[in-house]
Amino acid sequence: MLGLVLAGGEGGRLGPLTEGRAKPVLPFGGVYRLIDLPLSNCHHSRVSDVWVIQQYEAHSLSAHLANGRPWDLDRTWGGLAVVHPTTGGTENQSGFYKGNADAIHRNREAIESFDPELVLVLSADAVYRLDYEEVLERHRERGAEATAVTTVKSLEEASRLGSVTVDGSGLVTAFEYKPEEPRSEIVTTEVFVYDAKVLLESLAELEDEEGGLSDFGHSLLPRLVERGKTWAHDLGGYWRDVGTLESYWRGHMDLLEPEPELRLDDPEWPILTRGSQRPPARVEASARIEASLISPGCIVRGRVIRSVLGPGVVVDEGVTVEESVVLGGSHVGADLARAIVDEAFDVTVETAGGDEPAVVAMADAEPD
0 MLGLVLAGGE GGRLGPLTEG RAKPVLPFGG VYRLIDLPLS NCHHSRVSDV
50 WVIQQYEAHS LSAHLANGRP WDLDRTWGGL AVVHPTTGGT ENQSGFYKGN
100 ADAIHRNREA IESFDPELVL VLSADAVYRL DYEEVLERHR ERGAEATAVT
150 TVKSLEEASR LGSVTVDGSG LVTAFEYKPE EPRSEIVTTE VFVYDAKVLL
200 ESLAELEDEE GGLSDFGHSL LPRLVERGKT WAHDLGGYWR DVGTLESYWR
250 GHMDLLEPEP ELRLDDPEWP ILTRGSQRPP ARVEASARIE ASLISPGCIV
300 RGRVIRSVLG PGVVVDEGVT VEESVVLGGS HVGADLARAI VDEAFDVTVE
350 TAGGDEPAVV AMADAEPD
């Protein structure tokens, strides 16, 4: 079995937060990065061979992944491999990937050489906990060619995702990719299991027919659904796509609920990461903190209410930070409300968001 993490997306909907960094290394929950969640799921699910396919701002992702040690993937044989776009070959084989289906198709020779029975395909765009072993076991029991892990969202959200229709047994009977008017509130979570042979053969056929490939949803999944052996597997828990500023902010607010659906401190399923060594957070006598996550190295002298502070954040006395996400190394010297502050930013002007969170960032600044 081979795990593929598709980590090459530019993350344009996140605006300045993905200027100078790959979306998978965008901080989440204070001390973590988005890619830590699928890699931690792989570790706890005993998926020991994982390839990370990267592209946009690859240097920032490579620095975080290092040799894969935090996720027990630093092995002599197997473990973590980082895959980059290649040059040479035909026009359709060279340069940047045109989508996730194209990324897999253009690495088909390496996948064929590895010779897996199944391919587990993951993204680094969402936050969730999932035991992949359960999905793989059910896939085998059904004799499936493809399994899509699904959840239920509103029709509005389904229009931005992949919407599926299933029968009473869980067989997928229809798939729509980002439809204007979804027929179903059941959506894919960007977690898929494929029969490796069927996957590679189908991609080759589609590439020949269409002269190129882009994302799964455009042609691969509709083709496999037509074959009648694609099944849905209900995730059955918390899942949130954090590919927009609003959803990224809301995902953090979810962590601050009295009983959060996703617990980052679950001792049975800890989130693993590569982190720097920092001293404990310091809370001064002038500080007031309510329902917040405070990372190591923080110095809090003001009020922090329902907010997440990344490592090394300083909040001045007399300042109130409310319902905000402040990434590591920032200095907050003015009030914040419903805001997202990028790494290493000096906040000197009061900032408040409305229906959408306000973003305090410098597009040309290099993140730590």
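For the sequence shown, numbering that gives the first Met the number 0 assigns the number 0 to the initial residue and increments by one for each residue that follows. Where is the CB? At the ideal position from N, CA and C, for every residue including glycine.
Going by Cα to Cα distance, which pick from the options is closest to residue i?
i, options, result
"residue 234", "312, 186, 57 and 351", "186"
"residue 309", "133, 334, 204 and 275", "275"
"residue 368", "272, 302, 328 and 5", "For residue 368 there is no data in the structure shown, the boundaries of the chain being 0 and 367."
"residue 73", "137, 50, 58 and 281", "50"
"residue 126", "254, 81 and 155", "254"
"residue 238", "196, 189 and 221", "189"
"residue 76", "108, 56, 102 and 113", "113"
"residue 84", "54, 98 and 257", "54"
May I ask you to list the residues that DSSP assigns as paired with residue i?
i, result
"residue 162", "175 and 186"
"residue 345", "330"
"residue 221", "In DSSP, residue 221 forms no bridge with anything."
"residue 146", "192 and 230"
"residue 304", "289 and 321"
Between which two residues does the beta strand (DSSP E) holding residue i run?
i, result
"residue 48", "48-53"
"residue 240", "238-240"
"residue 71", "Counting along the chain, residue 71 falls outside any beta strand (DSSP E), and DSSP gives it neither H nor E."
"residue 79", "78-82"
"residue 122", "117-122"
"residue 1", "1-6"
"residue 127", "125-127"
"residue 30", "Taken as a continuous stretch (DSSP letters only), residue 30 belongs to no beta strand (DSSP E), as it is neither H nor E."
"residue 270", "Neither: residue 270 is in no beta strand (DSSP E) and is coded neither H nor E."
Buried or exposed, going by whether 16 or more other CB atoms sit within 10 Å of the CB of residue i?
i, result
"residue 17", "buried"
"residue 87", "Confidence is the limiting factor: at residue 87 the pLDDT is only 49, short of 50, which leaves the residue's position unreliable and the question unanswerable from this model."
"residue 172", "exposed"
"residue 151", "exposed"
"residue 216", "buried"
"residue 314", "buried"
"residue 146", "buried"
"residue 39", "buried"
"residue 66", "exposed"
"residue 207", "exposed"
"residue 89", "Legend: pLDDT at residue 89 = 48, less than 50; position of this residue unreliable, value from coordinates given subsequently. So residue 89 counts as exposed."
"residue 45", "exposed"
"residue 142", "exposed"
"residue 93", "A caution first: residue 93 carries a pLDDT of 49, below 50, which makes its placement in the model too unreliable to give a value."
"residue 366", "For residue 366, the predicted structure reports a pLDDT of 40, less than 50, and the residue's modelled location is therefore unreliable. The matter cannot be settled from this model."
Does the beta-carbon distance from residue i to residue j come in below 7 angstroms?
i, j, result
"residue 304", "residue 321", "yes"
"residue 155", "residue 223", "no"
"residue 82", "residue 198", "no"
"residue 287", "residue 302", "yes"
"residue 21", "residue 60", "yes"
"residue 378", "residue 4", "The structure shown does not extend to residue 378, since the chain is modelled only from 0 to 367, so the question has no answer here."
"residue 240", "residue 100", "no"
"residue 346", "residue 358", "no"
"residue 263", "residue 14", "no"
"residue 232", "residue 134", "yes"
So the alpha helix (DSSP H) residue i belongs to, where does it begin and stop?
i, result
"residue 247", "244-254"
"residue 289", "From DSSP, residue 289 is part of no alpha helix (DSSP H) but of the beta strand (DSSP E) over 287-289."
Would you say residue i reaches chain C, if we count a Cβ-Cβ gap shorter than 7 angstroms as a contact?
i, result
"residue 308", "No chain C is part of this structure, which consists of one protein chain only."
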